[in-house]
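Asks: Numbering (our numbering), first residue to last: 14 to 247. Note that CB positions come from ideal geometry on N, CA and C, so glycine has one too. Predicted, not measured: the structure shown is a model, and the values here were computed from it.
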Amino acid sequence: MIADGLRRNDPAQYDGLADQWWRPQGGFAMLHWFAASRAEHIPPAGPGGVLVDLACGGGLMAPYAARLGYRHVGLDLGLPGLALGRDHGMLPVRGSVLAVPLADGCADVVVAGEILEHVDDDVAVLAECARLLRPGGTLVIDAIAATRLARVIAVRIAERIPGGPPPGIHDPALFVDRARLLAAADRLGLDLRLVGLRPSLRDLLAWRLGRRAVVRMKPLRTTAVLFAAYGRRR
Numbered sequence: 014m015i016a017d018g019l020r021r022n023d024p025a026q027y028d029g030l031a032d033q034w035w036r037p038q039g040g041f042a043m044l045h046w047f048a049a050s051r052a053e054h055i056p057p058a059g060p061g062g063v064l065v066d067l068a069c070g071g072g073l074m075a076p077y078a079a080r081l082g083y084r085h086v087g088l089d090l091g092l093p094g095l096a097l098g099r100d101h102g103m104l105p106v107r108g109s110v111l112a113v114p115l116a117d118g119c120a121d122v123v124v125a126g127e128i129l130e131h132v133d134d135d136v137a138v139l140a141e142c143a144r145l146l147r148p149g150g151t152l153v154i155d156a157i158a159a160t161r162l163a164r165v166i167a168v169r170i171a172e173r174i175p176g177g178p179p180p181g182i183h184d185p186a187l188f189v190d191r192a193r194l195l196a197a198a199d200r201l202g203l204d205l206r207l208v209g210l211r212p213s214l215r216d217l218l219a220w221r222l223g224r225r226a227v228v229r230m231k232p233l234r235t236t237a238v239l240f241a242a243y244g245r246r247r
């Protein structure tokens, strides 16, 4: 149990922290860093390009989607976050990542950031990503690996440092089995590669001193803690 009586991974935590979404120094600071990192792996939009943002939260991908030329469709269960995303130009859709109320092949890009480690069936979410993507479409994921090291770093350490996740936001029992994810991706017609991620230490120091709004995420050889998955639908 966490301090306010909510269980780990309780979605109500996001509603209670809604005022933090667009504060670069706030409780969701690291999600700003991830949004910038995801955008680096998304190609510019073609005519009528659509980016579907699963578990969009407060819509932090909105400025990047607009810059790249996409119509930004954000899906989430939380109404406060969806309202914030709408205020930043996102088209909000309320629904579950396990049964997305959008048509097959509607998306040129699907972003599934920081969601696989929050659901009981991460493969079902991956199947929804594949269903939504048109052939050749781009998929960008980031998640936390199901390892002992990730439990220590992402929960015991990260939840206690500035810029890290709010305490109780993750349940280590839901962290992602990378081998299972890759096998499922292949079955679903997704070509996926995994890359480890870490914050830039130099940027992190500058952020702590108030000299940077966003910390760059750097590639890391090991995917044993934070990782991204980049790919396309065949």
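When the Cα atoms are used, what is the spatial distance from G29 to A79?
Replies: For G29 and A79, the distance between alpha carbons rounds to 27 Å.
Asks: Just to check my reading of the structure: G72 and L97 have Cβ atoms closer than 8 Å, yes? What is that Cβ distance to the nearest angstrom?
Replies: The Cβ separation is near 6 Å, so the contact holds.
Asks: May I have the straight-line CA-CA distance separating E141 from H101, to the nearest angstrom?
Replies: 25 Å
Asks: Along the chain, which unbroken stretches of the beta strand (DSSP E) at least 3 residues long are found entirely within the stretch 81-156?
Replies: 84-89, 104-107 and 120-126
Asks: Going by C-alpha to C-alpha distance, which of V165, C119 and A25 sits closest to A143?
Replies: C119
Asks: Given 8 Å as the limit, is there contact between the stretch 146-164 and the stretch 221-237, that is, 3 or more CB pairs closer than that?
Replies: yes
Asks: So who's on the other strand from D199, going by DSSP bridges?
Replies: DSSP lists no partner for D199.
Asks: Identify the residues that DSSP records as bridge partners of D204: which are they?
Replies: R245
Asks: Reducing DSSP to helix, strand and coil, say where M14 ends up.
Replies: Low local confidence applies: a pLDDT of 37 at M14 is under 50, so the model's placement there is unreliable, with the coordinate-based value given in what follows. Note: M14 maps to coil in three-state DSSP.
Asks: Would you kindly report the start and end of the unbroken alpha helix (DSSP H) that includes D32?
Replies: Neither: D32 is in no alpha helix (DSSP H) and is coded neither H nor E.
Asks: Is it buried or exposed for Q38, if we count other Cβ within 10 angstroms and need 16 for buried?
Replies: exposed
Asks: To the nearest angstrom, report how far apart G82 and L104 are at their CA atoms.
Replies: 14 Å
Asks: Check each candidate in R36, A75, V136 and Y77 and name the one with the smallest Cα separation from G223.
Replies: R36
Asks: Can the beta-carbon of V286 be found closer than 9 Å to that of L67?
Replies: Because the chain spans 14 through 247 in this model, residue 286 falls outside it and cannot be assessed.
Asks: Taking the alpha-carbon positions, what's the A242 to L90 distance?
Replies: 23 Å
Asks: CA-CA distance, V189 and D135?
Replies: 7 Å
Asks: Taking the beta carbon of G202 as the centre, do at least 16 other beta carbons fall within 10 Å, making it buried, or is it exposed?
Replies: exposed
Asks: Report the CB separation of F131 from L218 in whole angstroms; it is logged as a contact under 8 Å.
Replies: According to the sequence displayed, residue 131 carries His and not Phe. With a Cβ gap of about 29 Å, H131 and L218 do not count as contacting.
Asks: Put P185 into one of helix, strand or coil per three-state DSSP.
Replies: The answer is helix: DSSP assigns P185 an H, G or I state.
Asks: In the DSSP assignment, what are the bridge partners of L239?
Replies: I157
Asks: What number of angstroms, rounded off, separates the C-alpha of A42 from the C-alpha of L207?
Replies: 23 Å
Asks: Whole angstroms are fine: how far does the CA of V227 sit from the CA of W46?
Replies: 5 Å
Asks: Rounded C-beta distance between G244 and L139? I'm assuming under 8 Å.
Replies: Rounded, the Cβ-Cβ distance is 10 Å, inconsistent with contact.
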